[in-house]
Amino acid sequence: MSLTDRTALELLDALARGETTAEALTAEYLQVIRSRDPQILAFLHVDEAGALEQARAIDMRRSRGEPLGPLAGTPVALKDVLCTRGRPTTCGSRILEQFVPPYDAFVVSRLKEAGAVLIGKTNLDEFAMGSSTENSAFQITRNPWDLKRIPGGSSGGSAAAVAAGEVPLALGTDTGGSVRQPAALCGVVGLKPTYGRVSRFGLVAFASSLDQVGALAHDVADAALLLGIIAGHDSADSTSVDRSVPDYHAAVETPVQPLTIGLPTEYFGGGLDREVESAVRDAVRVYQKLGATVRDVSLPHTPHAVATYYLVATAEASSNLARYDGVHFGYRAKQYDNLIDMYAKTRGQAFGQEVKRRIMLGTYALSSGYKDAYYLKALKVRRLIRDDFDQAFAGCDVIVGPTTPAPAFRIGEHMDDPLAMYLSDIYTISANLAGLPAISIPCGFARNGLPIGLQLHAPPFEEEKLLRVARMYERATDWHRRRPPR
Amino acid sequence: MPDQPYHTVIGLEVHVQLLTRTKLFCGCSTQFGLPPNSATCPICTGLPGVLPVMNRAAFDLALKAALALNCQIASFTKWDRKNYFYPDLPKNYQISQYDLPFSHDGWLEIETGEGKKRIGIIRVHLEEDAGKMLHDEQGGGRESLVDLNRTGTPLLEIVSQPDLRSPEQAKAYLEEIRLLLRELEVSDCEMQEGSLRCDANVNIHVLQPDGATAATPIVEVKNLNSFRAVERAIRYEAKRQYDEFQRTGQRMGEVSKATAGWDEDRGVTIIQRRKEEAADYRYFPEPDLVPVRVSAEELAQVRASLGELPAAQRVRLQQDYALTAKDVDVLIQQGRPFVAYFEEVARRAGDAKEANNWVTNEVLRTLNERKLSIKDFPLSAEALAGLIRQRSQTGLNMQRTREVFARMLETGSSAEQAIKELGFEVIADESRLRDLVRKAIAANAKAVADFKKGKLKAADAIKGAVMRETRGMARTELVQQILLDELKNS
Chain A
1 MSLTDRTALE LLDALARGET TAEALTAEYL QVIRSRDPQI LAFLHVDEAG
51 ALEQARAIDM RRSRGEPLGP LAGTPVALKD VLCTRGRPTT CGSRILEQFV
101 PPYDAFVVSR LKEAGAVLIG KTNLDEFAMG SSTENSAFQI TRNPWDLKRI
151 PGGSSGGSAA AVAAGEVPLA LGTDTGGSVR QPAALCGVVG LKPTYGRVSR
201 FGLVAFASSL DQVGALAHDV ADAALLLGII AGHDSADSTS VDRSVPDYHA
251 AVETPVQPLT IGLPTEYFGG GLDREVESAV RDAVRVYQKL GATVRDVSLP
301 HTPHAVATYY LVATAEASSN LARYDGVHFG YRAKQYDNLI DMYAKTRGQA
351 FGQEVKRRIM LGTYALSSGY KDAYYLKALK VRRLIRDDFD QAFAGCDVIV
401 GPTTPAPAFR IGEHMDDPLA MYLSDIYTIS ANLAGLPAIS IPCGFARNGL
451 PIGLQLHAPP FEEEKLLRVA RMYERATDWH RRRPPR
Chain B
1001 MPDQPYHTVI GLEVHVQLLT RTKLFCGCST QFGLPPNSAT CPICTGLPGV
1051 LPVMNRAAFD LALKAALALN CQIASFTKWD RKNYFYPDLP KNYQISQYDL
1101 PFSHDGWLEI ETGEGKKRIG IIRVHLEEDA GKMLHDEQGG GRESLVDLNR
1151 TGTPLLEIVS QPDLRSPEQA KAYLEEIRLL LRELEVSDCE MQEGSLRCDA
1201 NVNIHVLQPD GATAATPIVE VKNLNSFRAV ERAIRYEAKR QYDEFQRTGQ
1251 RMGEVSKATA GWDEDRGVTI IQRRKEEAAD YRYFPEPDLV PVRVSAEELA
1301 QVRASLGELP AAQRVRLQQD YALTAKDVDV LIQQGRPFVA YFEEVARRAG
1351 DAKEANNWVT NEVLRTLNER KLSIKDFPLS AEALAGLIRQ RSQTGLNMQR
1401 TREVFARMLE TGSSAEQAIK ELGFEVIADE SRLRDLVRKA IAANAKAVAD
1451 FKKGKLKAAD AIKGAVMRET RGMARTELVQ QILLDELKNS
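Chains A and B, in that order, are what the protein sequence lines are. Take 1 as the starting number for the first sequence in my numbering and just add one per residue. Take 1001 as the starting number for the second sequence in my numbering and just add one per residue.
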């Protein structure tokens, strides 16, 4: 296996043993990006000079015997919705095409402290709004397993970059499934932490009560390592929880025994692709062979999750995106007659269709006369969705099901049917509404060669258990070792 | 107002800037008068990815104010977003409080012509301030400029019940709020600097022939830049509404509330618009901030830190020192440290009236001339008390005593020392004085004659002569006594 097919932990070991240097490793990844990314289009910006400089600095420290962080020399890609000081952060939008933040996101600082090599910013659906990365203002990222298909979204660039061997680790963000769904469609591991586990400072807000930074990696052990680096309290984020961070990396190899798995009856109804269902049920059988008990659970408010999400998330987004008005930063229209005209032209010209659609929807849901029926009602249903999970977890350790209703669809297939696009979030959305940690891991392939993902949920702040259970499956299978054809 | 065909109803909305070092949700300075856009950061300018963090000191100051305004304090309170677009509001939403303000249902007592009156307070809540815009007032078509320094400054919004009944009451209410909040160091309440802003909601109730009253539509008057402007504007607006009611007969409820701007130069209110509907701010709970819980212990602590409030202080000073309400008002207006100084002087000198006299005249004048606050005043309370005691013992007259005062200020010496240094020695020797009086009587035959004719004031001329002879050192009352005695016997 070439270096760039290895996991981050394998690479850290290779660096420690002197099999390679950080600079050589980074150069190799840059070469993969140069040769593959013109087809994959995962990256919006690649920082060649900066990455090599960071790598050289790590090598220097190592040669001097100076202490090194837990990710020293490992290239990491960042979804372009995470602020990087002095480097462009576009959120996949024309309105921020020229924006260069004067600050790093909290998670970016943590990565720098850990010695990661920040190699570039990846493509996304504009402002993280979408499930296919087709809503990016700049380019459509391709699924490395089939270049005619979408990689998923909104963190499509980060997932594709890992899957294509352009980078061993990446950060994405997950508001309704935007880390887990592209992970499933690209055959990699995607983890969303509990809401409040990871600081949102520097994560450009889409939906404040749903957004979380997530980890994308080749396997669960890598995801555990990465989570350990970015998790923890941040006083600059009032929604960040002050709770100690377990050593996920140290714990991940220990299986959970006894283990009870809950299967929600609502997740196996109509609309689920036969091959996906089959792969998921096979995965459940693997767990049974490992000694797990399986029981049916019910999450009765599941049918209302998508509607609830598209009211709460869009309401928050309509307010969060109000600041993009051309007044004191970002794009401003060249010609306008007055203030209102400036606002209208700036936002009209520089926001994409999906962003506008969601702003309109959210504004409507909050409007006088509609707010009670839509926004406030949605908050109540959200509470009920959380209660469903709390009740289900009383009888099981983890809740298991499919990550997506189907494998990756073709580019352009859903673009004129936004609702069909929204419904593809059905399995991932509840974890965001309930604030729970959830992970997607590879569990098979469809006949057409596209990956299938298995999703696991755990109770709040039980990422350690979640990762250990996910790792159990990984050690018993090898889906996660497969790589797409070059 | 018995002879007026209507009575005026006023509710005031007051915004005060809190005296915190830093803004409500970030660490930027709140200092007034800094160069434009120099006291900003990514958080208060709403750049992508930033998050607010509540300034606890601001919240505590707000609690103090609300307790002093006799409000109920909510044990659970939250922040809400008020959404609207304007260039001085960088996020295009303001973090404020909507349905669960941190305090509500309080009151403030004011003095009116007819005695004390309680003005109800509906709510007091916290919110962040917006920035400032500079427009091309000449209509020259130049761009408007935005200064975001003020964005994020903590504001306390105090909403009164419509309990005020006259422009004078409105002014008294504002003055009392200013006094209270300055005393508590919550705000410096300077309308000129914008740290106190006021909008007045005004309507009138017109007496009808059948004895009932008709209420006119409410007008919200804005752009009031001084307490005097508030008074003038309300007076004008009430009359304007009466005239309009005579013409149109329009009542409250028939048309929506209007906004009016006060034109200070022309002395008129100008109706800006009557909106068909209230603006829709699409309030929803601020998802980036957690709700605030106030425990009983915290509340008790804040309550204990309030100290004596002006209302209680007024009563106590009048009782303890036998001062008039007017005297007390002058003292209280100067703030707590000044009152404390007065009390110390009064206690040490054993004479509250004299203490009050000196403190509100000589001391205050000196402070104003030298632009000092009482804590920087060179004479300690003991030193001033010493002067008062000296004067009472020696009978030194007022003019000379002022000279001693000035000397004490200059050299820092005690009253006794200063008197010696100046060579002031009160002549109280009766026989010596009697000699001087007799000499003066002999030298002022006309005055004596006038006095005997009944012109009692003529004696002053003779007294004056004695005072001149002694270079003002004669003990005045003794001279007066001896003089009258001699004149009687002459």
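Every residue gets a Cβ at the ideal spot worked out from N, C-alpha and C, and that includes glycine. Model, not experiment: these values are computed from the prediction.
Interface with chain B (8 angstroms Cβ-Cβ cutoff): A:Ala77 is excluded. Taking CB atoms only, A:Val297 has no neighbour in chain B less than 8 angstroms away.
When C-beta distances to chain B are compared with 7 angstroms, the residues of the segment 319–331 of chain A below that value are Ser319, Ala322, Arg323, Asp325, Val327, His328, Phe329, in chain order. For B:Ile1234, the secondary structure class from DSSP, reduced to helix, strand or coil, is helix. Under a 10 Å Cβ-count criterion, A:Asp417 is classified as exposed, with fewer than 16 other Cβ atoms of the shown protein chains found around its own Cβ.
Check the Cα spacing between B:Cys1041 and each of B:Ala1418, B:Gly1027, B:Leu1164, B:Thr1153: the tightest is with B:Gly1027. The C-beta separation of A:Tyr267 from A:Tyr422 comes to about 17 angstroms, leaving the pair out of contact by the 8 angstroms criterion. Residue pairing of B:Val1014 in beta bridges, as defined by DSSP: B:Ile1158, B:Cys1198. Residue contact check for A:Leu52 against chain B: no CB pair falls below 8 angstroms. When 7 angstroms is used as the limit between beta carbons, A:Val204 is near these residues of chain B: Pro1048, Gly1049, in chain order. Ranking B:Arg1303, B:Leu1387, B:Arg1182 by CA distance to the CA of B:Pro1337 puts B:Arg1182 first. Inter-residue distance for A:Phe329 and A:Val245 is about 37 angstroms (C-alpha atoms, whole angstroms). Excluding sequence positions up to five before and after A:Asp388, its CB lies within less than 7 angstroms of the CB of Leu299, Pro300, His301, all in the same chain and listed in chain order. B:Trp1079 is the residue among B:Lys1116, B:Arg1282, B:Trp1079, B:Asp1429 whose C-alpha sits nearest the C-alpha of B:Leu1100. The segment 104–115 of chain A and the segment 133–153 of chain A do not touch, with fewer than 3 CB-CB distances between them shorter than 8 angstroms. Looking at B:Gln1333, B:Glu1264, B:Pro1291, B:Ile1218, the one whose alpha-carbon comes closest to that of B:Ser1256 is B:Ile1218. Among the bridge pairs identified by DSSP, B:Met1252 is matched with B:Val1255. Counting along the chain, the unbroken alpha helix (DSSP H) around A:Gln54 starts and ends at 48–63.
Ranking B:Phe1245, B:Ala1260, B:Gly1261 by CA distance to the CA of B:Glu1254 puts B:Phe1245 first.
Assigned with DSSP and collapsed to three states, A:Ser318 falls in helix.
Going by DSSP, A:His249 is part of the alpha helix (DSSP H) stretching over 248–251.
At a Cβ-Cβ threshold of 8 angstroms, A:Val312 and A:Ala373 do not count as neighbours. By the beta-carbon neighbour count (other beta carbons within 10 angstroms, threshold 16), A:Thr254 is exposed. Straight across, the Cα-Cα distance linking B:Val1146 with B:Thr1030 is about 17 angstroms. Taking every protein chain shown into account, the CB of A:Tyr29 has 16 or more other CB atoms within 10 angstroms, so this residue is buried.
In the DSSP secondary-structure assignment, B:Glu1127 is bridged to B:Leu1155. Here the alpha carbons of B:Leu1306 and B:Lys1116 stand approximately 22 angstroms from one another. Between the beta-carbon of A:Gly157 and that of A:Thr428 there is about 18 angstroms, and that puts the pair past the 8 angstroms contact cut.
Taking 8 angstroms as the cut-off, the Cβ atoms of B:Ala1214 and B:Gln1208 count as close. Chain order gives no chain B residues near A:Phe351, where near means a beta carbon separation below 8 angstroms; the closest approach is about 14 angstroms.
In the displayed model, A:Trp479 falls within a helix according to three-state DSSP. For B:Trp1107, the enclosing beta strand (DSSP E) starts and ends at 1103–1112. Counting C-beta atoms within 10 angstroms of its own C-beta, A:Asn338 has fewer than 16 neighbours from the protein chains shown and is therefore classed as exposed. For B:Met1133, the enclosing beta strand (DSSP E) covers residues 1132–1134. Of A:Asp13, A:Arg87, A:Arg110, the smallest CA-CA separation from A:Glu48 is found for A:Arg87. Counting only residues of its own chain and dropping the five nearest sequence neighbours on each side, B:Arg1400 has a CB closer than 7 angstroms to the CB of Phe1424, Gly1472.
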